[in-house]
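Just so we're aligned: 362 in my numbering is position 361 of the sequence shown, and the numbers increase by one with no gaps anywhere. Backbone N, C-alpha and C fix where the C-beta goes; we use that ideal spot for every residue, glycine too.
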Amino acid sequence: MHALRGVPYLTYIPLRNKHPMNKLLSYAIGLLGFLASSCQEAGTTVVQEEMAPGVIRLSVGEVDRFTPYGVLGGNPMTEAMERLPKAELPFDIDDILVEVKDRGCLITVPLADGEQLYGFGMQYGTFGHRGTRKRPIVNDNPLNDLGYTHAPQTFYVSTKGYGILVNTARYTTFLCGSNTKISQNARDTEGNKGQIADTPAQLYANRAGGNKVFIDVPGAKGIEVFVLTGPELADVVKRYNLLSGGGCIPPMWGLGFKYRVKGDAVQDSVYRFARYFREKHIPCDVLGLEPGWQTASYSCSYRWSDERFPNHRGMLDTLRRAGYKVNLWEHAYVHPSSPIREALEPYAGDFLVWNGLVPDFLLPEARQIFGDYHRTLVEEGISGFKLDECDNSNIAYGSATWCFPDLAQFPSGIDGEQMHQLFGSLYVNTIDDIYRRMNVRAYLDYRSSGLFMSSRSAVLYSDTYDHKSYIQALCNAAFGGLLWCPEVREARSADDFFHRLQTVILSPQAMVNAWYLQYAPWLQFDRGKNERGEFLPQAGQYEACARRLIDMRMQLLPYLYHAFYVYRTEGLPPFRPLLMDYPQDGRLQSVSDQYMIGADLMAAPLYEDRPTRKVYFPEGVWYNFNTNERYEGGREYEVAVGFDQLPLFVRRGALLPLAEPVPYVDEQTVFKLRCRVYGTDEATCRLFEDDGVTYDYETGDFNIVTLEAVDGKVRVARTGDCPLRRYEVAGCEFVD
Ligand code: GAL
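Written out as structure tokens, the structure reads:
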């Protein structure tokens with residue numbers, strides 16, 4: 002065991018010999034600074050230091066100039082990290098081998114029996130990765146579950162309570178116990194001796210279990226590995242998020258409902274939707290415009306089309322007065338007619354995409370030109386952008402050239418491969434920084450992310466449309482500080498439509514992305530019929546169900562907002578797989594279709610065309626959010642969920658503050674809370690209270706509101722000096 006307790010986190014350099022005196026000496030040397038220390042078997046010098054509380058950096062050889070942490074990291078919340086429990090690694094840190102070879106770097110990490118691994122970014126296809134080979138490369142297409150994803154991360158976490166993060170932007174392969182190296186232990190292969198497969202199924206099932214993770218970083222002449230300690234898996238994730246600057250807190254309106262109108266919408270059709278939501282009393286905070294707002298969109302001009310939007314300023318003003326925020330679609334490839342094209346020429350890569358320039362967002366000049374121009378759009382009233390096509394989407398199709406090639410060169414010195422892995426993050430940061438400088442929070446959509454993005458107020462989305470893997474992606478996103486929106490578009494049936502809507506209501510961003518639908522999909526979820534305006538016979542009834550579900554999102558808004566405050570200050574993901582909360586329940590290691598929301602809620606979305614599903618309840622007692630039915634933990638139940646209900650369950654002991662739904666959220670909104678207390682007479686809950694739109698909370702301008710149920714009533718107490726009052730208690734119900 003290798004203790005890390007009390008280690009100063011600036012520099013800690015262990016000696017190889019494990020004599021206790023040597024251990025003491027190593028701490029002393031550590032204080033003196035960066036001195037090269039130990040030699041590993043491969044003869045490579047490894048420098049170790051505790052870079053932040055509970056995070057050890059191993060560094061070998063000549064590290065690349067552009068690394069994810071170097072480019073995107075660097076703002077750790079060290080005090081919050083100090084508050085996490087101290088932990089030991091389940092192996093000696095010197096058992097992690099880091100070697101520089103002719104091919105590149107090879108990292109070898111021990112893997113114990115029964116250990117399971119999670120992460121690699123926002124994966125769709127696998128939950129536990131043990132026994133697989135993963136290449137977390139940025140791409141829109143998961144392509145046979147190779148590890149390709151919109152948000153790849155060279156980072157995994159283990160059920161043994163530690164995480165391994167390889168700080169590289171190179172395409173990296175992880176063999177997660179999928180392969181056995183012959184020199185490592187000849188006996189490892191014995192289990193397979195003499196087996197003859199006589200069916201293809203047996204053949205494919207015949208996997209040699211390895212007890213090492215091998216990490217291959219071709220081309221690297223040196224590498225950094227961050228080893229994150231637990232003790233529990235959830236602590237590793239918290240530490241990672243805090244190392245990344247803490248989780249984001251979206252603006253309050255961002256947690257409302259967003260509707261993206263059809264790609265070719267014109268000013269009048271946008272007005273039509275704006276009126277529709279208000280007249281039908283369907284809450285809506287954000288209207289998103291798709292490519293057609295611009296004069297050119299593949300590549301982008303970033304100039305309003307006067308033809309489709311003859312008075313866009315007037316429109317933005319009208320929408321603002323009606324309580325709407327407006328979000329604009331774009332991507333980063335700059336059209337010849339764009340006002341910033343010429344200025345960007347010296348600061349762009351040497352390949353075009355759709356004839357558009359690719360800004361080198363590593364350069365301050367490129368960020369400034371792009372950012373300054375976008376600021377003019379923001380000042381006109383744009384509350385956010387949807388940053389599309391930044392995810393290397395040419396891997397899966399030989400004929401498509403929707404991205405710059407890996408061999409591209411950028412003036413900063415980075416090549417196309419490493420730029421791909423960083424591009425979406427650099428792009429979103431360029432846009433997010435505009436809002437930060439204006440002291441306004443945005444909630445952006447983006448299609449590519451990676452490491453160290455926890456603190457950015459942005460949500461991933463995708464064109465892939467498999468509901469089950471969307472739910473799994475929601476769980477997987479939580480291991481690496483990513484937020485995911487399982488957006489709703491068309492559907493094959495009413496079940497399919499409402500189950501998807503329920504899932505997105507219970508996700509970081511409640512969005513319908515109707516970019517190819519003329520009318521709201523609850524009126525007609527078949528794409529062709531929707532286009533022709535042929536509404537379903539049940540359109541009125543389905544509209545009422547959709548309204549009810551979106552209302553429920555608004556009811557949950559204060560609760561969700563607080564979950565994001567916890568994300569920021571403690572690093573705990575607001576949406577996360579159950580195994581983070583119940584690490585002792587081994588059964589949860591493979592549950593990726595249920596997840597926790599905040600402290601007390603569990604979602605179990607339906608994703609088949611059936612009105613019921615099996616739900617597994619972890620230890621304790623749980624209540625059905627819709628019916629108050631009780632469930633005993635440690636068991637599975639078949640649960641029915643109607644179209645106008647949520648697949649949501651409440652932990653006993655919870656005080657759930659449900660807001661009366663409002664049509665949209667603004668700075669004046671006061672939430673009237675109807676509290677529900679489950680299975681107890683006494684319970685408390687906390688709510689984060691601030692203006693909901695600025696970063697003033699970072700300098701202490703907020704309150705923590707405590708609701709306390711006692712004697713059949715709910716008392717309200719506040720700490721903090723913020724004069725705002727966003728919450729009032731309007732009633733209380735005790736459920737048992
Ligand atoms: C796609 C994007 C869609 C939609 C579309 C518009 O790339 O994923 O959500 O915005 O572009 O052309």
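Delimiting residues of the alpha helix (DSSP H) encompassing E532: Along the sequence shown, read from residue 1 onward, the residue named residue 532 stands at position 531. Run containing E532: 528-532, per the alpha helix (DSSP H) assignment.
Among A152, F644, S179, E100, nearest to D429 - alpha-carbon criterion: Taking the first residue of the sequence shown as position 1, residue 429 is located at position 428. According to the sequence displayed, residue 429 carries Val and not Asp. V429 has its Cα closest to that of A152, out of A152, F644, S179, E100.
beta-carbon W330 near ligand 1 non-hydrogen atom, thresh 7 Å: Here residue 330 refers to the residue found at position 329 of the sequence shown. Result yes, Cβ under 7 Å from ligand 1.
W485 CB to nearest heavy atom of ligand 1 below 7 Å: By 1-based counting over the sequence shown, the position of residue 485 is 484. Answer for W485: no, Cβ out of range of ligand 1.
Range of the contiguous alpha helix (DSSP H) that encloses N1: Summary: the structure shown does not reach residue 1, with the chain confined to residues 2 through 737, and so no result is reported for it.
E1: CB within 7 Å of a non-hydrogen atom of ligand 1: Nothing about residue 1 can be read from this structure; the chain reaches only from 2 to 737.
Contacts around V287, its chain only, beta-carbon distance under 6 Å, and the 5 residues preceding and following it disregarded: Counting from one through the sequence shown, the residue named residue 287 turns up at place 286. The beta carbon of V287 lies closer than 6 Å to those of K259, K326, N328 in the same chain, with the five residues before and after it left out.
Euclidean distance between Cα positions of T670 and R104: Taking the first residue of the sequence shown as 1, we reach residue 670 at position 669. Taking the first residue of the sequence shown as 1, we reach residue 104 at position 103. In a straight line, the C-alpha of T670 is about 59 Å away from that of R104.
Close-in-space but distant-in-sequence residues of the same chain around Y583 (CB under 6 Å, 5 per side omitted): Numbered from its first residue, the sequence shown carries residue 583 at position 582. If we look at Y583 and ignore the five residues flanking it on each side, its Cβ neighbours are L589, P619.
Proximity below 8 Å, CB of P574 to CB of P606: Start at 1 with the first residue of the sequence shown, and residue 574 comes out as number 573. Start at 1 with the first residue of the sequence shown, and residue 606 comes out as number 605. Contact: no.
Residues near Q476 by beta carbon distance below 6 Å, same chain, minus five either side: Counted from its first residue, the sequence shown places residue 476 at position 475. It should be pointed out that residue 476 corresponds to Cys in this sequence rather than to Gln. Hits under 6 Å: P578, S593, Y596.
Opening and closing residue of the alpha helix (DSSP H) in which R560 lies: Here residue 560 refers to the residue found at position 559 of the sequence shown. Looking at the sequence provided, one finds Tyr at residue 560 rather than Arg. Start and end: 540-571.
Same chain, Cβ closer than 8 Å to G599, neighbours up to 5 away in sequence not counted: As a position in the sequence shown, residue 599 is number 598, starting the count at 1. Y560, L561, H563, A564, V567, P575.
Simplified DSSP assignment, three categories, for A349: As a first step, residue 349 must be located in the sequence shown, where it is residue number 348. DSSP, read as helix, strand or coil, puts A349 in strand.
Alpha-carbon to alpha-carbon, C686 and N660: Residue mapping note: residue 660 aligns to position 659 of the sequence shown, counting from 1. Residue mapping note: residue 686 aligns to position 685 of the sequence shown, counting from 1. Just to set this straight, residue 660 is Ala in the shown sequence, not Asn. The straight-line gap from Cα to Cα measures roughly 14 Å.
Heavy atom of ligand 1 within 7 Å of W516 beta-carbon: Your numbering for residue 516 matches position 515 in the sequence shown. The answer is yes for W516.
Where the beta strand (DSSP E) through T613 begins and ends: Mapped onto the sequence shown, residue 613 falls at position 612. Its beta strand (DSSP E) spans residues 613-618.
Bridge-paired residues (DSSP) for G289: Here residue 289 is taken as the residue at index 288 of the sequence shown, counted from 1. DSSP lists R261, N328 as partners of G289.
DSSP three-state assignment for A731, whether helix, strand or coil: In the sequence shown, the residue the question calls residue 731 occupies position 730. Three-state result, A731: strand.
Proximity of R442 and Y696 at Cβ, strictly below 8 Å: One-based indexing of the sequence shown puts residue 442 at position 441. One-based indexing of the sequence shown puts residue 696 at position 695. Yes, the Cβ-Cβ distance between R442 and Y696 is below 8 Å.
Three-state secondary structure assigned by DSSP to W623: Taking the first residue of the sequence shown as position 1, residue 623 is located at position 622. Note: W623 maps to strand in three-state DSSP.
Closer than 7 Å: D389 CB and nearest ligand 1 heavy atom: By 1-based counting over the sequence shown, the position of residue 389 is 388. Relative to ligand 1, the beta carbon of D389 is positioned inside 7 Å of a heavy atom.
Whole-angstrom distance between F121 and V72, CA atom to CA atom: Reading the sequence shown from its first residue, position 71 is the one you call residue 72. Reading the sequence shown from its first residue, position 120 is the one you call residue 121. Cα to Cα, the separation comes out at about 19 Å.
One or two residues paired with G105 in a DSSP bridge: On the sequence shown, position 104 is the one that residue 105 refers to. Answer by DSSP bridge pairing, in chain order: P219.
Nearest neighbour of V715, chosen from F703, G721, A731 [CA to CA]: Locating residue 715 in the sequence shown gives position 714, counting from the first residue. The option with the nearest alpha carbon to V715 is A731.
Supposed close pair V238, G572 - CB separation, criterion 8 Å: Within the sequence shown, numbered from 1, the residue matching residue 238 stands at position 237. Within the sequence shown, numbered from 1, the residue matching residue 572 stands at position 571. With a Cβ gap of about 7 Å, V238 and G572 count as contacting.
Contact set for D351: own chain, Cβ-Cβ below 7 Å, skip 5 residues either direction: For the purposes of this step, residue 351 is identified with residue 350 of the sequence shown, where counting begins at 1. If we look at D351 and ignore the five residues flanking it on each side, its Cβ neighbours are A409, Q410.
Exposure label - Q369; buried when at least 16 CB within 10 Å: If you number the sequence shown from 1, residue 369 lands on position 368. Its Cβ having fewer than 16 others within 10 Å, Q369 is exposed.
For F121, the first and last residue of its enclosing beta strand (DSSP E): Position 120 of the sequence shown, counted from the start, is the residue given in the question as residue 121. Run containing F121: 118-122, per the beta strand (DSSP E) assignment.
Alpha-carbon to alpha-carbon, R314 and V272: Working through the sequence shown from its first residue, we reach residue 272 at position 271. Working through the sequence shown from its first residue, we reach residue 314 at position 313. Checking the sequence shown, residue 272 turns out to be Tyr, not Val. Cα to Cα, the separation comes out at about 13 Å.
Heavy atom of ligand 1 within 7 Å of D433 beta-carbon: Reading the sequence shown from its first residue, position 432 is the one you call residue 433. Incorrect: D433 has no Cβ contact closer than 7 Å to ligand 1.
Cβ contact (3+ pairs, closer than 8 Å) linking the segment 446-457 and the segment 142-160: Yes, they touch.
Any non-hydrogen atom of ligand 1 closer than 7 Å to R448 Cβ: For the purposes of this step, residue 448 is taken as residue 447 along the sequence shown, with counting starting at 1. Yes, Cβ of R448 sits closer than 7 Å to a heavy atom of ligand 1.
In DSSP terms, what M597 is bridged to: Here residue 597 is taken as the residue at index 596 of the sequence shown, counted from 1. The partner list for M597 (beta bridge, DSSP) reads R577, M603.
Inter-residue Cα distance where the pair is R66 and F735: By 1-based counting over the sequence shown, the position of residue 66 is 65. By 1-based counting over the sequence shown, the position of residue 735 is 734. Each residue's Cα considered, the two are about 59 Å apart.
Own chain, CB closer than 8 Å to T720, minus 5 neighbours either side, in chain order: The residue labelled residue 720 in the question sits at position 719 within the sequence shown. Excluding residues up to 5 positions away in sequence, N704, I705, T707 lie with their Cβ nearer than 8 Å to the Cβ of T720 in the same chain.
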